[in-house]
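Taking my numbering, the leading residue of the sequence shown gets 78, the next gets one more, and so forth.
All residues carry an ideal CB built from backbone N, CA and C; glycine is no exception.
To keep things clear, I will list the structure first and then write my remarks on it.
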Amino acid sequence: MNNLIILPILIPFIVGTFLILFAKNHSLQRVISGFTVIAMLLVSVYLAIHVYQEGIGVLELGNWQAPFGIVLVADMFATMMVILSSIVGVVCLFFAFQTISSEREKFYFYPFYFFLLAGVNGAFLTGDLFNLFVFFEVMLISSYILIVLGGTKYQLRESLKYVIINVFASILFLVGVAYIYSITGTLNMADLAVKVGQLEQTGVLNVIAVIFLLVFAMKGGLFPLYFWLPRSYYGPPAAIAALFGGLLTKVGIYAIMRTFTLIFTHDPGFTHTLILILAGLTMFFGVLGAVSQFDFKRILSYHIISQVGYMVMGLGIYTQLAIAGAIYYIAHHIIVKAALFLFAGATQKITGTTDLKKMGGLLKTHPWLAWMFFISAISLAGIPPLSGFFSKFALILAAFLEENYIIAAVALAVGLLTLFSMMKIFIYAFWGEQKHTEEQANYKVGKLLLPIVPLVALTIILGFAAEPIFQYSLQVAEQILDPTIYIESVLKE
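Structure follows, in structure tokens:
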């Protein structure tokens, strides 16, 4: 059964390669792509159920025993993330069918879409640092292609910044890998956890920990290294922006949570306090950027930054309740953020703009679009009984229990400012006087909304089924906070 672990990586990689052969046959590409993403979702759900029932799954590639060979590790955290990436992959692809132009399709949109998903899933499932780097690069190279598809002047200018910052992060990643290998002699994560626990070189380990934190902070959009994100995510079409906004930064956050609960646990008084400070600054400055904007997609882009602060806030507090809240919040944010970017794409399809000052009256002409956006917006802001409330509640409660009152106050203030900026979008774009033409008012959005409906339904379900979802999050948190479970599964000690 452990061979199943490679399927979320293998399926998109093989299909992506196969689709290159049919680059000019867009209809066939769509059919194959549609069946593939659904198959990936079914496989990921089955894998998660298997891991939940049977425990952590480990696949030793080539039958090379860990820590000498390459291993893929599927624990509850990794399989949850693979399910979420599959959900976003399905929704964004079917939205792209309605919105991506043939000019973009012909430049290998579908192959690189699947290569990106292969890289994302590989990063979630890998069991060693070097292959984490490899899968990061697979993901990033694919994103470089997708972010420039269409070749507008704005896309090319902003994507250059995106490429430069990520190339620098990749170089720094290799420096960190070389540094930690030089003092431990291994890159297997489970073996690293054992070796780091035996070393007494706290100062050196703290330097390495900071290097990896910088790398993953660049990729995850943490303060002060988030400057590339808002403009880069503004340029691509909505389907690509939703895929990036929902998934790419979460890979960086996942890497931080994995390494700082498994490997770098030697001095939490330093490392996790630093993470908590970064979380507060990320939330604060990210939401200020969102509040200052009057563009639909730019507001959402800045909110990616402010919201990842909540995720690492849980890691910084470093209790089971806080980690569970962060895991719950990751699931909530991936779903809601993808939905909001797709709503931005739908409104742009109707009005031809994302400038809020040029929009208005969509509630009257497209009520389903307006109210579905409203549900997603208040969920992002943390209004009960939706998913955003319960995940934030757990994080803020954990902060109060640990007497971290400053970060709790920042989180509450950021929640209020998030609500303000979301209501600004609703008032300007959907409320008020109609500013679009009658022809635009008659534009049918049913096909655009259909892929988004599952995401809106999920944020409602995650809210109303908060108790079982949070119990699952607590089990995930318990598993990743006990490194011996991971170590024994991989090293078979």
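Residue i versus residue j - alpha carbon distance
| i | j | result |
| --- | --- | --- |
| Asn243 | Ile218 | 10 angstroms |
| Ile164 | Val122 | 10 angstroms |
| Met266 | Leu355 | 24 angstroms |
| Pro313 | Leu276 | 46 angstroms |
| Thr263 | Gly438 | 60 angstroms |
| Gly329 | Tyr406 | 15 angstroms |
| Leu440 | Ala332 | 40 angstroms |
| Asn102 | Ile177 | 15 angstroms |
| Trp448 | Met436 | 16 angstroms |
| Ala518 | Gly509 | 14 angstroms |
| Thr537 | Pro144 | Reading the sequence as shown, one finds Ile at residue 537 and not Thr. Approximately 43 angstroms, taken between the alpha carbons. |
| Pro85 | Met117 | 6 angstroms |
| Phe470 | Lys512 | 38 angstroms |
| Leu353 | Ile97 | 44 angstroms |
| Asp344 | Leu392 | 14 angstroms |
| Ile82 | Val150 | 8 angstroms |
| Ser566 | Arg181 | 44 angstroms |
| Ile133 | Thr338 | 16 angstroms |
| Pro545 | Ile400 | 16 angstroms |
| Lys569 | Ile502 | 53 angstroms |
| Leu527 | Gly459 | 24 angstroms |
| Thr261 | Ile340 | 12 angstroms |
| Met388 | Thr514 | 42 angstroms |
| Thr94 | Ala100 | 11 angstroms |
| Tyr482 | Trp141 | 49 angstroms |
| Val211 | Leu251 | 10 angstroms |
| Leu351 | Met216 | 28 angstroms |
Simplified DSSP assignment, three categories, for residue i
| i | result |
| --- | --- |
| Ala143 | coil |
| His265 | Note on identity: in this sequence residue 265 is Asn, with His being the wrong assignment. In this structure, Asn265 counts as strand in the three-state DSSP scheme. |
| Gly134 | strand |
| Val522 | coil |
| Glu574 | Residue numbering for the chain in the displayed model covers 78 to 570; residue 574 lies beyond these limits and cannot be assessed. |
| Gly280 | helix |
| Thr350 | helix |
| Ser178 | coil |
| Ala542 | coil |
| Phe300 | coil |
| Leu417 | helix |
| Trp445 | helix |
| Ala315 | helix |
| Phe497 | helix |
| His410 | helix |
| Tyr340 | The question names Tyr, but residue 340 is Ile in the sequence shown. The answer is coil: DSSP assigns Ile340 none of H, G, I, E or B. |
| Tyr395 | coil |
| Glu479 | coil |
| Asn198 | helix |
| Glu510 | coil |
C-beta contact flag for residue i and residue j at 8 angstroms
| i | j | result |
| --- | --- | --- |
| Ala403 | Leu493 | no |
| Asn79 | Leu136 | yes |
| Leu463 | Ser456 | yes |
| Phe213 | Phe90 | no |
| Val292 | Gly253 | yes |
| Gly429 | Ala315 | no |
| Leu237 | Phe189 | no |
| Val167 | Val114 | yes |
| Thr336 | Gly298 | no |
| Phe300 | Thr342 | no |
| Leu398 | Ala475 | yes |
| Val533 | Ile452 | yes |
| Val148 | Gly204 | yes |
| Pro268 | Tyr563 | First, the residue type needs correcting, since residue 268 is Asp and not Pro in the sequence shown. It is not a contact, given that the beta carbons lie outside the stated cut-off. |
| Ala286 | Pro560 | no |
| Phe507 | Phe450 | yes |
| Gln106 | Leu525 | no |
| Phe373 | Phe467 | no |
| Tyr239 | Ser309 | yes |
| Ser110 | Tyr187 | yes |
| Ala319 | Cys169 | yes |
| Val364 | Thr495 | yes |
| Val273 | Gly357 | no |
Identified DSSP bridge partners for residue i
| i | result |
| --- | --- |
| Thr571 | Limits of the chain in this structure are 78 at one end and 570 at the other, which puts residue 571 out of reach. |
| Asp372 | Asp432 |
Near the ligand PLP: residue i beta-carbon under 7 angstroms from a heavy atom
| i | result |
| --- | --- |
| Ala534 | Only the bare structure without any ligand can be found here, which leaves the ligand PLP out of the picture. |
Residue i at chain B interface by Cβ criterion, 8 angstroms
| i | result |
| --- | --- |
| Ile412 | No chain B appears in this structure, which consists of one protein chain only. |
Exercise for the section: Examine the Cβ distances between the segment 156 to 163 and the segment 397 to 417 and report whether three or more of them are shorter than 8 angstroms. Expected result: yes
Exercise for the section: Decide yes or no for the touch test of the segment 189 to 206 against the segment 280 to 288: beta carbon pairs closer than 8 angstroms, at least 3 of them. Expected result: In short, these stretches do not touch, since the Cβ pair count stays below three.
Problem - the segment 412 to 432 touching the segment 366 to 383, judged by at least three CB pairs closer than 8 angstroms - result: yes
Handout entry: At least three beta-carbon pairs within less than 8 angstroms, the segment 122 to 133 to the segment 149 to 156
Key = yes
Exercise for the section: Decide if the segment 357 to 373 is in contact with the segment 518 to 528; the criterion is three or more beta carbon pairs, one per stretch, under 8 angstroms apart. Expected result: no
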